[in-house]
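All residue numbers for the sequence shown refer to the numbering used here, where the first residue is 54 and numbers rise by one. Where is the CB? At the ideal position from N, CA and C, for every residue including glycine. For reference, the structure is listed below as structure tokens.
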Amino acid sequence: MRKLPLLAAALAATGFVAAPAIAQETPPADATEAAPEAAPAPATIDTDGDGTMDAWDQRGDGKADSWDTDGDGAPDTFDQDGDGAPDPK
Numbered sequence: 054m055r056k057l058p059l060l061a062a063a064l065a066a067t068g069f070v071a072a073p074a075i076a077q078e079t080p081p082a083d084a085t086e087a088a089p090e091a092a093p094a095p096a097t098i099d100t101d102g103d104g105t106m107d108a109w110d111q112r113g114d115g116k117a118d119s120w121d122t123d124g125d126g127a128p129d130t131f132d133q134d135g136d137g138a139p140d141p142k
């Protein structure tokens, strides 16, 4: 007689342990998470009117805040104080 309540308790405990795993929602097989979109590249600006883009608007405020002064295609002068002009080196 004592074996039946002990067996029932063990079976119930197993059910309680497995219940959270069974209750978890599984996504449909065709559902995939979309990768987050990369931030758009900063706008380039031709500050001297020669047709070559020589500055970047990295803050998105319409004003240049980094410049390519040596023509290598990479910014080398920056506006850290936000006044719209290159900072002295």
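{"Query": "Does the separation of the CB atoms of Pro139 and Thr122 fall below 9 Å?", "Result": "yes"}
{"Query": "Quick check on the burial criterion: 16 or more other C-beta atoms within 10 angstroms. Buried or exposed for Asp118?", "Result": "buried"}
{"Query": "With a Cβ-Cβ cutoff of 9 Å, do Pro93 and Trp109 count as a contact?", "Result": "no"}
{"Query": "Would you give the residue range spanned by the beta strand (DSSP E) that Asp110 belongs to?", "Result": "108 to 110"}
{"Query": "Looking at the strands, I want to know which residues DSSP matches up with Thr130.", "Result": "Trp120"}
{"Query": "Just how far apart, CA to CA, sit Asp134 and Asp107?", "Result": "19 Å"}
{"Query": "With H, G and I counted as helix, E and B as strand and the rest as coil, what does DSSP make of Ala96?", "Result": "strand"}
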